[in-house]
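Scroll down for the structure; my scribbles are underneath it.
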Ligand SMILES: [Zn+2]
Ligand SMILES: [Zn+2]
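Residue numbers (UniProt numbering): 1 to 460.
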């Protein structure tokens with residue numbers, strides 16, 4: 001802590017608001033802060049926060065309880081005031097772990113037709129996909145609905161339990177980073193939507209019974225989601241290592257760099273070749289490395305796979321000896337024909353609209369950054385965060401297929417087998433998610449000749 005303050009003090013102060021072309025050292029005028037220290041009787045301490053959307057830096061001395069700090073430049077949320085009710089989060093997390101374990105142990109759904117019945121468990125979907133030769137699909141479903149959510153619950157428990165008694169958890173920073181990495185890949189709520197779609201699809205042709213595991217799963221999902229909404233990751237990081245404190249009455253040092261993992265802002269030493277974060281130890285980069293090239297590659301791969309994902313059948317439903325392969329679009333049409341308009345619209349949005357929106361949106365963002373487009377930067381930043389948030393919901397069709405495959409395998413009476421289209425479609429969803437993760441929205445704002453706005457204290 002002391003070292004950090006020394007670092008800040010030792011750095012030459014420069015007022016960004018009146019940035020001038022560099023002049024020889026000798027001619028440098030004396031540093032004058034905007035609010036002269038003479039009028040300040042006490043050093044006012046605050047913290048600095050960097051916007052993940054545009055890289056603007058703000059000096060903050062806290063916000064009213066329960067409110068949200070939003071970047072004035074790009075509109076992205078900076079942080080919300082949560083004093084961190086850790087006991088509450090821990091209790092919810094323990095509850096979620098128990099219900100999640102129960103959901104794995106009890107029967108999930110029963111499908112009955114013509115006097116024959118089949119019961120599935122929570123994990124029979126991935127297992128059946130593997131049996132049918134679609135092991136990459138089975139593996140992906142297993143990872144995002146079982147393995148990663150379980151790992152995240154255990155990691156949170158690992159972190160929160162020692163914190164209750166003011167102890168630092170072992171490997172705390174790594175555990176925090178791991179939990180943050182897992183977060184977008186935990187898809188409990190989307191799986192539940194997949195259960196709903198599968199239920200609606202099947203209840204037309206036969207009786208489907210929900211068992212205890214569905215309710216246990218629902219409870220686990222609700223508890224885990226509530227814990228996530230209460231938990232402020234920034235508050236947890238603060239407990240693990242304090243954010244650099246600064247004198248908010250003085251201009252900020254010039255060479256600031258922010259950690260994309262924990263939000264810590266460090267002063268970048270010029271000599272440092274491979275700087276690492278002073279709080280979590282992850283490598284620091286001004287921008288995500290090779291962001292544009294990587295994002296283009298992932299978007300291009302997703303664009304190519306989008307064609308087979310829509311042309312090839314995602315599954316074949318055999319019903320009393322006859323059946324035809326279903327593509328994503330024909331599945332939507334069937335739901336419309338069956339009068340299930342809300343579900344049909346939901347699947348249409350998640351499986352057709354969202355992937356197109358993501359692909360077109362990412363191409364637009366990439367081109368506008370490369371062409372240096374100045375107009376509509378705020379809107380583009382908001383669109384990027386929207387794309388990143390909704391992308392995972394396209395997995396709903398994959399989960400629905402996995403449930404149908406596991407539940408409906410009664411030979412000639414009724415059987416559902418997966419198709420190659422499902423594999424391509426899952427790849428499209430995952431690739432576009434990775435593309436959104438590798439894109440650095442601050443690039444939208446990296447344009448020459450921008451004057452720093454009055455209400456912003458610096459840029460990173
Ligand atoms: Zn911003
Ligand atoms: Zn960090």
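Glycine residues also receive a C-beta, built at the ideal position from the N, C-alpha and C atoms.
Here residue 276 is exposed: its Cβ has fewer than 16 other Cβ atoms, across all protein chains shown, within 10 Å. Excluding sequence positions up to five before and after residue 157, its CB lies within less than 8 Å of the CB of 90, 93, 94, 97, all in the same chain and listed in chain order.
Proximity annotation: ligand 2 has residues 259, 261, 262, 264, 277, 279, 280, 282 in chain order, each selected because its CB is closer than 6 Å to a heavy atom of the ligand. Put simply, the region 110-126 touches the region 398-412. At least three CB pairs are less than 8 Å apart. The beta carbon of residue 56 sits closer than 7 Å to at least one heavy atom of ligand 1. Excluding five sequence positions before and after residue 172, the CB atoms of its chain that fall closer than 8 Å to its own CB belong to 159, 240, given in chain order. Three or more beta-carbon pairs drawn from the region 428-446 and the region 385-392 are found closer than 8 Å, and the two stretches are therefore classed as touching.
Runs of the alpha helix (DSSP H) spanning 4 or more residues and lying entirely within the region 351-422 occur at 354-370, 377-390, 396-407, in chain order. For residue 190 against residue 395, the beta-carbon gap comes to about 5 Å, under 8 Å, which counts as contact. Of the other Cβ atoms in all chains shown, 16 or more fall within 10 Å of the Cβ of residue 428; this residue is therefore buried. Beta-bridge partners assigned by DSSP to residue 59: 48. Here DSSP, grouped into helix, strand and coil, assigns residue 315 to strand. Leaving aside the five residues that flank residue 50 on each side, the residues in its chain whose CB is nearer than 6 Å to its CB run, in chain order, 57, 258, 265, 460. When the beta-carbon positions are compared, residue 308 and residue 326 stay at least 8 Å from each other. Between residue 210 and residue 109, the C-beta gap is smaller than 8 Å, which places the two residues in contact. Annotation: the region 111-166 contains the following complete segments of the beta strand (DSSP E) (minimum length 3 residues), in chain order: 116-121. Within the same chain, Cβ atoms closer than 6 Å to the Cβ of residue 231 are found at 89, the five residues on either side in sequence being excluded. Contact check for residue 76 against residue 348 fails: the beta carbons are separated by 8 Å or more.
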